[in-house]
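See below for the structure under consideration.
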Amino acid sequence: MPDPQSSSSSTTAKEDPVDVEFQQPRNSVPHWFLVLNPAGVTDDVLYYDYPGQGTPESPYVVDFLPDDASNPRQFPQAKKWTITMLLAVATLAVAFVSTAYSGGVFEIVRYFGVSTTVAILGISLFVLGFAIGPLLWAPLSEFYGRQIIFLITYMALTAFNAGAAGAQNIETLIILRFFAGSFGASPLTNSGGVIADMFEGRELGIAASAFAMAPFLGPSIGPIVGGFLGEAKGWRWIEGLMAIFTGVVWIACALYVPETYAPVLLRRRAARLSKMTGKTYISKLDLATSGQPRSQQIKTTLSRPWVLLFREPIVFLTSIYLAIVYGTLYMLFAAFPIVFQLNRGWSAGIGGLAFVGVAVGMVCAVGCIVVDNSRRYVRVAETSPGGVAPPEARLPPAIVGSVLLPAGLFWFAWTNGPEVHWSVPIIASAFFAAGLVAVFLSLLTYMMDSYTVYAASVLAANSVLRSLFGAAFPLFTTYMYRDLGIHWASTVPAFLALACVPCPLLFYWYGARIRKSCRYAAEAAALSERLVQAQHGDAVSGGGRALPVSESRGVLSEDEGPVAGHGKEMREKTSIAGRWPAQREYSS
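Using full-length UniProt numbering, the letters of the sequence shown map in sequence onto residues 1 to 588.
Structure (structure tokens):
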């Protein structure tokens with residue numbers, strides 16, 4: 001039955017134009033407000049009645065409001081896609097930096113008088129940084145937010161790139177490359193988390209597919225640009241271009257990309273409301289951890305990628321598979337100069353053009369996956385309970401890609417000799433690249449669907465293993481091609497890819513059963529359900545009983561959310577500072 005007091009308040013609201021205004025929150029605030037004010041405290045937010053008494057024992061429970069301007073899931077489509085494209089460019093820049101260095105390797109060998117293996121350490125240690133960085137940046141982004149972590153790490157990446165351009169010895173160059181990779185790893189993991197924060201369902205698949213071109217195109221474009229620039233201006237200009245590129249991207253993202261991680265947004269909102277009103281507020285998503293000390297929360301957050309990697313079968317098996325694929329890709333960055341420059345006599349610039357086949361295969365694969373998400377995936381979602389497709393619906397492209405991967409590698413392995421026309425191995429590399437993207441995109445979106453709010457930690461766990469492989473493979477590539485020859489050396493990763501073919505099929509058939517037995521997958525599903533309820537207003541549809549903290553740690557029911565049109569007592573004590581933001585400090 002409706003609360004008589006609520007009915008009375010509604011009647012009063014009809015007579016009071018101020019109340020009518022507050023019953024209709026508008027999803028319209030300037031973009032700079034979202035960037036500079038992650039708490040998102042507008043007057044609509046300030047004057048809602050939240051469940052609870054505002055005391056430490058029974059705090060007000062804060063959730064997103066209907067049509068909440070700060071809810072990333074409710075950003076306008078244009079804003080979502082602008083943020084996605086900016087993060088894609090940021091990720092492309094990091095991937096570009098990882099391989100553009102290869103265009104100056106032979107000059108670095110001559111300049112510093114070192115071996116090719118030592119010079120290649122500039123690539124391997126950069127990629128090794130990809131393994132170390134996410135262990136900090138991904139979990140910290142889930143504690144402090146995506147925005148601040150990105151700004152700090154990307155600024156450091158730019159600084160280390162600039163330092164590498166002026167390096168006076170090989171040791172300095174390699175060390176700076178390692179730190180650049182460690183800090184540059186942030187967008188590789190956190191960008192996927194931002195996309196999962198903003199999109200869901202079919203939109204998530206399309207956004208992830210469009211975004212995924214960046215980390216794959218970057219390594220393909222890098223050797224081409226680096227090769228020609230290195231020939232014309234030298235290796236220092238390659239490093240200088242990296243610093244300029246990442247610096248411009250850092251400024252653009254700092255000015256436009258807001259905080260998107262829902263638990264951090266609600267936590268900051270609760271803290272801001274507590275400061276403004278003198279009452280006690282708590283985020284709905286923090287109820288379960290409200291009794292934990294901050295040090296324990298940080299420890300849990302930092303250890304989460306390791307826990308996910310070794311205790312969640314989905315994360316472990318997909319990470320092994322993607323590590324092999326990723327290592328093979330970086331092996332090709334070391335193998336292509338051997339196959340096309342040493343064996344065929346191509347220059348560094350022309351040799352870089354051999355990666356065009358890889359780039360074409362990647363673009364074609366992304367296009368096919370976008371079409372798949374907009375057709376087949378939509379049909380699956382429409383016939384699924386609640387209109388939401390299960391995570392396993394992401395996997396069919398991976399099944400196809402798992403076949404293309406070894407096929408392309410075997411084809412490349414036995415046609416890469418100088419006696420075969422140069423176009424044949426390049427076409428083979430396009431099939432390998434198409435399979436690589438299909439497997440990567442499908443498995444990454446599968447994990448993002450399965451772990452949602454833990455997406456950054458999942459991607460970090462995945463990044464650790466695959467980056468270790470990506471760092472190691474180029475180091476033994478030269479010796480392997482020297483001892484085994486270009487044919488058998490290229491066949492080794494083909495057999496590894498062939499052994500991994502059953503992996504996507506395993507998850508497609510048994511994934512739902514596996515997820516039910518995975519602790520974090522189950523927790524993520526529960527948290528996602530709460531966020532969806534809040535987005536559709538289910539969590540803000542009624543008043544409900546105020547629960548003490550000790551009784552309220554769990555999923556709140558529909559009648560325990562904030563109520564529009566209330567907060568009259570507070571409004572009588574304060575003046576309206578404007579629709580946004582609530583500019584005055586309050587105490588009561």
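Backbone N, C-alpha and C define an ideal beta-carbon position, used for all residues, glycine too.
Candidates the options, of which the one nearest residue i by Cα
i, options, result
"G408", "G52, F495 and M276", "F495"
"T524", "F340, L287, D449 and A165", "According to the sequence provided, residue 524 is Ala. The question's Thr does not apply to it. Closest by alpha carbon: D449."
"K299", "D43, I486 and L135", "L135"
"E259", "A460, D67 and R73", "R73"
"A471", "E200, P406 and T328", "T328"
"T301", "W488, L140 and W509", "L140"
"P51", "P38, L121, L65 and G40", "L65"
"A497", "S374, L436 and I251", "L436"
"M242", "N190, L217, K279 and A180", "A180"
"V257", "P396, L405 and P38", "P38"
"W411", "I486, A365 and S457", "I486"
"A512", "P390, Y481 and D483", "P390"
"L287", "M276, T277 and A270", "A270"
"S191", "V363, L36, L459 and V380", "L459"
"R304", "S429, A461, A365 and T84", "A461"
"E200", "A438, A381 and I221", "A381"
"T246", "Q168, A185 and R375", "A185"
"Y261", "M213, L255, G40 and C500", "G40"
"V45", "H31, N71 and V35", "N71"
"S171", "Y479, L121, R202 and M480", "For clarity, residue 171 is Glu in the given sequence; the question names Ser instead. Selected option, being the one with the closest Cα: L121."
Rounded C-alpha distance that separates residue i from residue j
i, j, result
"A159", "F150", "14 Å"
"P313", "A521", "10 Å"
"G103", "A119", "11 Å"
"I320", "T42", "46 Å"
"T117", "A138", "31 Å"
"W81", "G205", "13 Å"
"L188", "Q53", "42 Å"
"R553", "A526", "In this prediction, R553 scores a pLDDT of 37, lower than 50, which makes its location untrustworthy; the coordinate-derived value is nonetheless stated afterwards. C-alpha separation (whole angstroms): 13 Å."
"A162", "G387", "49 Å"
"K516", "I148", "34 Å"
"A69", "C518", "34 Å"
"F216", "Y377", "23 Å"
"M447", "C253", "26 Å"
"W237", "F33", "38 Å"
"D483", "P474", "15 Å"
"A323", "L308", "16 Å"
"M155", "F178", "15 Å"
"I221", "R267", "41 Å"
"V403", "M85", "30 Å"
"A489", "R311", "34 Å"
"G278", "V29", "26 Å"
"T445", "T491", "29 Å"
"Y47", "D67", "15 Å"
"E15", "I83", "Confidence at E15 is low in this model, with a pLDDT of 40, below 50, so its placement is unreliable and no value can be given for it."
Cβ separation of residue i and residue j, assumed to be a contact under 8 Å, to the nearest whole Å
i, j, result
"V62", "G145", "Rounded, the Cβ-Cβ distance is 16 Å, inconsistent with contact."
"V370", "S209", "5 Å"
"V341", "F143", "The displayed chain sequence assigns Gln, not Val, to residue 341. Wrong, their Cβ atoms sit about 46 Å apart, outside the cutoff."
"F130", "T153", "Rounded, the Cβ-Cβ distance is 12 Å, inconsistent with contact."
"S442", "L395", "5 Å"
"A164", "E239", "5 Å"
"I174", "F333", "At roughly 17 Å, the Cβ-Cβ gap does not stay under 8 Å, so I174 and F333 are not in contact."
"Y281", "P59", "6 Å"
"A95", "A212", "Rounded, the Cβ-Cβ distance is 11 Å, inconsistent with contact."
Residue i classed as buried or exposed, judged by whether at least 16 other C-beta atoms fall within 10 angstroms
i, result
"T318", "buried"
"T91", "buried"
"P502", "exposed"
"V400", "buried"
"A78", "exposed"
"V248", "exposed"
"G345", "exposed"
"Y454", "buried"
"S463", "buried"
"P56", "exposed"
"L505", "exposed"
"T383", "exposed"
"W235", "buried"
"P397", "buried"
"P223", "buried"
Beta carbon proximity, residue i to chain C, threshold 9 Å
i, result
"I338", "Here chain C cannot be found, since the structure has a single protein chain."
Residue i: CB within 8 Å of a non-hydrogen atom of the ligand NAP
i, result
"A164", "In terms of ligand content, the structure shown is empty, and the ligand NAP therefore cannot be addressed."
Exercise. Decide yes or no for the touch test of the region 464-484 against the region 318-338: beta carbon pairs closer than 8 Å, at least 3 of them.
Key: Contact holds: three or more Cβ-Cβ distances are below 8 Å.
Exercise. Tell me, please, whether the region 341-358 touches the region 415-426 by the rule of three or more beta-carbon pairs shorter than 8 Å.
Key: The region 341-358 vs the region 415-426: in contact.
Quiz item: Are three or more beta carbon pairs between the region 219-234 and the region 100-115 nearer than 8 Å?
Solution: Yes, they touch.
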